[in-house]
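>
2 protein chains.
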Amino acid sequence: MSIKITKPSILPGFMELTPKEQVAFNHVSDVIRRNYESFGFLPIDTPIIEKSEVLLAKTGGDTEKQIYTLTKGSTDMALRFDLTVPLARYVSQHMEELAFPFKRYQIGKVYRGERNQRGRFREFYQCDVDVIGNGSLSIVNDAQIPSIIYKIFKELGFENFKIRLNNRKILDGFLRSLNIESYIEVLRIVDKIEKIGEEKVREELKEYISSEEAMDSLISFITTTGSNDEKIEMLKNLGVTHEKFVEGVEELETVNKYIKVLGVPDKNYIIDFKITRGLDYYTGTVYETFLDDYPEFGSVCSGGRYDNLAQYYTEKKLPGVGISIGLTRLFWSFMESNIIDLNKNSVMDAMVIPMDEDFEYGIEICSKLREAGLKVDIYVEGGKFPKKMKYANKLSVPNVIIIGETEKSENKILVKNMVTGDQTLVTIEEGIDILTNK
Amino acid sequence: MSIKITKPSILPGFMELTPKEQVAFNHVSDVIRRNYESFGFLPIDTPIIEKSEVLLAKTGGDTEKQIYTLTKGSTDMALRFDLTVPLARYVSQHMEELAFPFKRYQIGKVYRGERNQRGRFREFYQCDVDVIGNGSLSIVNDAQIPSIIYKIFKELGFENFKIRLNNRKILDGFLRSLNIESYIEVLRIVDKIEKIGEEKVREELKEYISSEEAMDSLISFITTTGSNDEKIEMLKNLGVTHEKFVEGVEELETVNKYIKVLGVPDKNYIIDFKITRGLDYYTGTVYETFLDDYPEFGSVCSGGRYDNLAQYYTEKKLPGVGISIGLTRLFWSFMESNIIDLNKNSVMDAMVIPMDEDFEYGIEICSKLREAGLKVDIYVEGGKFPKKMKYANKLSVPNVIIIGETEKSENKILVKNMVTGDQTLVTIEEGIDILTNK
Chain A
1 MSIKITKPSI LPGFMELTPK EQVAFNHVSD VIRRNYESFG FLPIDTPIIE KSEVLLAKTG
61 GDTEKQIYTL TKGSTDMALR FDLTVPLARY VSQHMEELAF PFKRYQIGKV YRGERNQRGR
121 FREFYQCDVD VIGNGSLSIV NDAQIPSIIY KIFKELGFEN FKIRLNNRKI LDGFLRSLNI
181 ESYIEVLRIV DKIEKIGEEK VREELKEYIS SEEAMDSLIS FITTTGSNDE KIEMLKNLGV
241 THEKFVEGVE ELETVNKYIK VLGVPDKNYI IDFKITRGLD YYTGTVYETF LDDYPEFGSV
301 CSGGRYDNLA QYYTEKKLPG VGISIGLTRL FWSFMESNII DLNKNSVMDA MVIPMDEDFE
361 YGIEICSKLR EAGLKVDIYV EGGKFPKKMK YANKLSVPNV IIIGETEKSE NKILVKNMVT
421 GDQTLVTIEE GIDILTNK
Chain B
1 MSIKITKPSI LPGFMELTPK EQVAFNHVSD VIRRNYESFG FLPIDTPIIE KSEVLLAKTG
61 GDTEKQIYTL TKGSTDMALR FDLTVPLARY VSQHMEELAF PFKRYQIGKV YRGERNQRGR
121 FREFYQCDVD VIGNGSLSIV NDAQIPSIIY KIFKELGFEN FKIRLNNRKI LDGFLRSLNI
181 ESYIEVLRIV DKIEKIGEEK VREELKEYIS SEEAMDSLIS FITTTGSNDE KIEMLKNLGV
241 THEKFVEGVE ELETVNKYIK VLGVPDKNYI IDFKITRGLD YYTGTVYETF LDDYPEFGSV
301 CSGGRYDNLA QYYTEKKLPG VGISIGLTRL FWSFMESNII DLNKNSVMDA MVIPMDEDFE
361 YGIEICSKLR EAGLKVDIYV EGGKFPKKMK YANKLSVPNV IIIGETEKSE NKILVKNMVT
421 GDQTLVTIEE GIDILTNK
């Protein structure tokens, strides 16, 4: 019987990694998860397929065009395109079972049928962390969110990165105090200042701001320099009395205070009055994060405070604050910039290589090493010694344990460090010490 | 503006857990992952959506009816319905990048539009582990697979479970030596003996086996009792010389030998000549696993040896051996049988509860506890003390750390064990000792 061969391939825009890359990817994902959990966030896992009417309760915009929909029988279904809508649905649905503030994290795949281009993925992981209050939510939470992000990028080995921080109420109140009416349009232009420069921003703003004084005042405000504490002082001495402005300054001052208490150094966060983020969603604190040495990555995680998470599913008011890391895109950027040395990644601590076909002693060694918490494999295929070593090499295993007649008769193991090439004949206990103190 | 409220709900047949349940679920998933990795298996993560022509290269059967398909533009896509087909595609596609034997695990969601019924899910996690050889693969691998399963169920707290083990070649060769021709039909009937009993099996077999002697011989063979070693001895003394039979016995003997070496006790695995599994797929060793105290769960994980993983994608011969745990179904069974005490599950080790609105000291305590590897949250909302304690209680936090004036002025913390009710005023260092030596 001859079988038709189908060319093995995946769809464009989907990321698939080699095992070594996957080990590195999982490391990043684990660091994120561990840090989210260390701040007491609870895991949830929602279905990837949901009812269309639920996922699309808030319709409109480009998102809808990008959504993967499917039908089975008479049910209209869609694949989730973010983790925020499922969170809103989850919280509304399970209100009675949850304790508020509800602190949840979710790491999962989402789907968007984006135009096919480098670095854009149609299936990608988001790693979201949010605190949801029932009716109200302390501003101190807004300080915790960026401190988790700080911990994560620190643990991933970055020193030079900046979490940019603002409070939407401040710019809002400031514009109102200048009697600028086209609020949304102005914010949209202001948000572009880093990309297009001050001159162009002034030009575009002319349509909405006629007074030269107001224009200067606005530009000077959003380009304020100085330390975070100096910026707070500046805000307090500005003499703006608009209620929103005052509220925003108070909030930002509290967030600034507790970010320090949480141990985030001044060099890793910066108050920046230009940051506005999604205009129709965030209402207070907003965040963006940039790696200083890789500005081309853009913001590697962003988020903020919102007044009302789930207005499409419940009449309860659920304010929240959260942030999201686009893991697939971030990891792709890491690979593009050679930030990750794949040859340092091995799932294994050691591989046992027996010189002959009797695996009893080798397997016993494996079991003892595993009991000591080590990840170990044994090569049980046929072939000559060099072939076995080549296999261990290809997998970038940091150590091999060679088992021959001498080792068996002396009840020892020969540990070979694959990086230095050093090898020593030791007892199993000594071997465990070598492998665990690496 | 009034917003239309959509009732928050998910599709039938999809599992969604409360955060406490999710913590327990993740624990099971973590145990599986850790054990797979401790044997040196490499992670892979394939797209959930693949090309229809690829996923359905091997067509036919009930599976196809259950598949979720979707189209976007001119592309026919489908959601994966298992992790085996994606593995076959992955290995064929990435042959050159992989080292063989390729040992991979994958934990991920798969989709089947099954009839809606209790305990059946349309989205469920599979946890697969396989070793794939290029051309050939040592039989020793067939012993490692069940020993991983043993470790997993042991670590999940089970003592009484049995991995049932057989080799398809043995029954195959045995039937051939009896000159029974309707091989597949006979196996299908034999497989039902536990469900329908010996009498009914004999009755159904009459159609295919006319000789009473052959019938007795077969029934006595498949119902052989005794220890695993005794069964191997019995096989060797049976005098059957059919090539397949001899090959199967040799393989089973090797597997039996190394399972022992791998430390699986006799009580946890049993050679059982009745086990056949998927008739068109497995060709040698086959496994099923049953929890003695919960026979109603059925087989909680099964698998075996196959000759040719990827015949629909490559002409290379890729033999393999693997096993799969249906995690969603398993976890659902755990919950149904109250095996998991959800009130013992907390993502947190402790929650800091400040008596007033100044959180500086409390947050510093949190940071120190986190540095010691603990998972800690601080309650920063308003409200009276009982409300805060109620929150900690609802989350089943094992310890709370109460911070009042005394604690701040003496630079101490009050650790309260929420299970025993004991509370002690200690230094932070002493507190860390209490919380880590729990």
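Order-wise, the sequence lines are chains A and B.
Read in order, the letters of the first sequence are residues 1 to 438 in the working numbering.
Read in order, the letters of the second sequence are residues 1 to 438 in the working numbering.
Beta carbons: idealized from backbone N, C-alpha and C, even for Gly.
Remember, it's a predicted structure, so these values are computed and weren't measured experimentally.
Going by DSSP, name the residue or residues bridged to A/F124.
Paired residue(s): A/V110.
> Name the DSSP beta bridge partners of B/I403, please?
Answer is B/P354.
> Any C-beta of chain B sitting closer than 8 Å to the C-beta of A/A99?
Cβ-Cβ to chain B under 8 Å: yes for A/A99.
> Quick one: which unbroken beta strand (DSSP E) runs of 3-plus residues sit fully inside the region 25 to 79 of chain A? Chain order, please.
Those beta strand (DSSP E) runs which fall completely within the region 25 to 79 of chain A and span 3+ residues are 49 to 51, 69 to 72 and 75 to 79.
> Pair every Cβ in the region 48 to 57 of chain B with every Cβ in the region 65 to 83 of chain B, then say whether three or more of these pairs are closer than 8 Å.
Contact holds: three or more Cβ-Cβ distances are below 8 Å.
> Would you decide whether A/V419 is buried or exposed? Buried here means 16 or more other CB atoms lie within 10 Å of its CB.
The residue is exposed, with fewer than 16 neighbouring Cβ atoms inside 10 Å.
> Determine the contact status of B/N268 and B/K151, defining contact as a CB-CB distance below 8 Å.
The answer is no: Cβ separation not under 8 Å.
> Is the closest heavy atom of the ligand FAD to the C-beta of B/E204 under 7 Å?
What this structure holds is no ligand at all, so the ligand FAD is not there to describe.
> Could you please give the first and the last residue of the uninterrupted alpha helix (DSSP H) stretch that includes A/Y361?
Element bounds for A/Y361: E360 to E371.
> What residue range is occupied by the uninterrupted beta strand (DSSP E) comprising B/E288?
From DSSP, the beta strand (DSSP E) with B/E288 extends over T285 to L291.
> Which residue marks the beginning of the beta strand (DSSP E) containing A/Y269, and which one marks its end?
Element bounds for A/Y269: Y269 to I271.
> Taking Cβ positions only, does B/V255 come closer than 8 Å to chain A?
For B/V255, the answer is no, since every Cβ of chain A falls outside 8 Å of its Cβ.
> Can you check whether the C-beta of A/T69 is within less than 8 Å of a C-beta belonging to chain B?
Taking Cβ atoms only, chain B reaches closer than 8 Å to A/T69, which makes this a yes.
> What are the complete alpha helix (DSSP H) segments, minimum 4 residues, inside the region 179 to 264 of chain B?
With a minimum length of 4 residues, the continuous alpha helix (DSSP H) runs that stay inside the region 179 to 264 of chain B are 183 to 190, 193 to 205, 212 to 222, 228 to 236 and 243 to 261.
> On the three-state DSSP scale, how would you describe A/Y312?
Coil, per DSSP.
> Under a three-way DSSP split, which group does A/Q22 fall into?
If DSSP states are grouped into helix, strand and coil, A/Q22 belongs with the helices.
> Can you tell which of B/G304, B/R305 and B/K408 has its C-alpha closest to the C-alpha of B/M355?
Taking only the C-alpha atoms, the option nearest B/M355 is B/K408.
> Can you list, in chain order, the residues of the region 299 to 328 of chain B whose Cβ is nearer than 8 Å to any Cβ on chain A?
Hits within the stretch, in order: A310, Q311, Y312, Y313, T314 and E315.
> Any idea if A/K195 is buried or exposed, counting beta-carbon neighbours within 10 angstroms, 16 or more meaning buried?
Result: exposed.
> Of the residues A/T223, A/N26, A/E185 and A/E213, which one's Cα is nearest the Cα of A/E207?
Comparing Cα positions, the closest option is A/E185.
> Across the region 114 to 127 of chain A and the region 8 to 23 of chain A, are there enough close Cβ pairs to call them in contact, namely three or more that are closer than 8 Å?
Judged by Cβ distances under 8 Å, the region 114 to 127 of chain A makes contact with the region 8 to 23 of chain A, as three or more pairs qualify.
> Just to confirm, are B/Y306 and B/T276 a CB contact at a threshold of 8 Å?
Cβ distance not < 8 Å, so B/Y306 and B/T276 don't count as in contact.
> In whole angstroms, what is the alpha-carbon distance linking B/S38 and A/L374?
Straight-line Cα distance between these residues: approximately 7 Å.
> Which residue from B/S210, B/L327, B/G133 and B/I401 puts its Cα closest to that of B/F385?
Comparing Cα-Cα distances from B/F385 to each of B/S210, B/L327, B/G133 and B/I401, the minimum goes to B/I401.
> Expressed to the nearest angstrom, what Euclidean distance is found between the alpha-carbon atoms of B/Y183 and B/I271?
Roughly 21 Å between the two C-alpha positions.
> Could you tell me which of A/S138, A/Y313, A/A372 and A/I163 sits nearest to B/G383, measuring between CA atoms?
Of the candidates A/S138, A/Y313, A/A372 and A/I163, the one whose C-alpha sits nearest the C-alpha of B/G383 is A/S138.
> With a CB to CB cut of under 8 Å and the five nearest residues on each side skipped, what residues in its chain are close to A/M484?
Residue 484 of chain A lies beyond the range of chain A shown here (1 to 438); nothing can be said about it.
> Specify the secondary structure class of B/T6 as computed by DSSP and reduced to three states.
Note: B/T6 maps to coil in three-state DSSP.
> CB A/P86 to CB A/V131, shorter than 8 Å?
Taking 8 Å as the Cβ cut-off, A/P86 and A/V131 do not qualify as a contacting pair.
> Per DSSP, what are the beta-bridge partners of B/F102 in this structure?
BP columns for B/F102 point to B/I132.
> Taking any Cβ of chain A, which residues in the region 254 to 278 of chain B have a Cβ under 7 Å from it, in chain order?
Hits within the stretch, in order: Y258, V261, L262 and G263.
> For chain B, find out if any of its Cβ atoms is closer than 8 Å to the Cβ of A/T18; answer yes or no.
By this cut-off, A/T18 is an interface position.
> Do A/F221 and A/F273 have their beta-carbon atoms positioned less than 8 Å apart in this structure?
Taking 8 Å as the Cβ cut-off, A/F273 and A/F221 qualify as a contacting pair.
> Helix, strand or coil for A/S302 per DSSP?
If DSSP states are grouped into helix, strand and coil, A/S302 belongs with the strands.
> Let's see if you can read the secondary structure: which residues bound the alpha helix (DSSP H) around A/D142?
Counting along the chain, the alpha helix (DSSP H) containing A/D142 begins and ends at N141 to E155.
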